[in-house]
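Participant: I have a structure I would like to understand better, so I am pasting it below and will then ask my questions one at a time.
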């Protein structure tokens, strides 16, 4: 019963947010450098994303439009293949951070896109890391 109630409350909250955010005076545009921050956090460099960068992305996820942009970039990065395996790996790192520190919308979006974080993606990532480590 409690689970059904929580789901109903969450659905109501989501619907209210959708209605409120469609009011022209409330709409906001995403920060211009946010996309570059996400791309930097999921870059192909051999080091992980910086903590302050992750914190900025998590804070930006609280804005509806910025959250949409963040998640769109992350889903594109997670679908990369081949030598861009770090995009997948770092995309998962950013997702993990957003689950702990980001907006509730992030969790809802992850639930909607859970098929993209299936075993096949994780196995593909493992295989790509294994292949690259044997090549160097």
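Residue numbers (the UniProt record's numbering): 1 to 136. Every residue gets a Cβ at the ideal spot worked out from N, C-alpha and C, and that includes glycine. Please read all numbers here as calculations on a predicted model, not as lab measurements.
#1: Closest to residue 59 by CA distance: which of 110, 112 and 103 is it?
#2: Suppose the cutoff is 8 angstroms on Cβ atoms and the five residues either side in sequence are ignored; what does the same chain contact list for residue 46 look like?
#3: Can you look up residue 8 in the DSSP assignment and give me helix, strand or coil?
#4: For residue 106, which residues from the same chain have a beta carbon less than 6 angstroms from its beta carbon, with the 5 sequence-adjacent residues on both sides left out?
#5: Tell me which residues share the same chain as residue 15 and place their Cβ nearer than 6 angstroms to its Cβ, disregarding the 5 neighbours each side in the sequence.
#6: With distances taken from CA atoms, which of 112, 53, 43 and 51 is nearest residue 91?
Facilitator: Taking the structure as given:
#1: Here residue 59 corresponds to residue number 59 of the chain shown, with the count starting at 1. Selected option, being the one with the closest Cα: 103.
#2: Taking the first residue of the chain shown as 1, we reach residue 46 at position 46. For residue 46, where only same-chain residues beyond five positions count, the Cβ hits under 8 angstroms are 86.
#3: Within the chain shown, numbered from 1, the residue matching residue 8 stands at position 8. Helix.
#4: To locate residue 106, count along the chain shown from 1; it is residue 106. These residues qualify, in order along the chain: 61 and 98.
#5: Along the chain shown, read from residue 1 onward, the residue named residue 15 stands at position 15. Excluding residues within five positions, none has a Cβ falling inside 6 angstroms.
#6: Locating residue 91 in the chain shown gives position 91, where the first residue counts as 1. It is 43.
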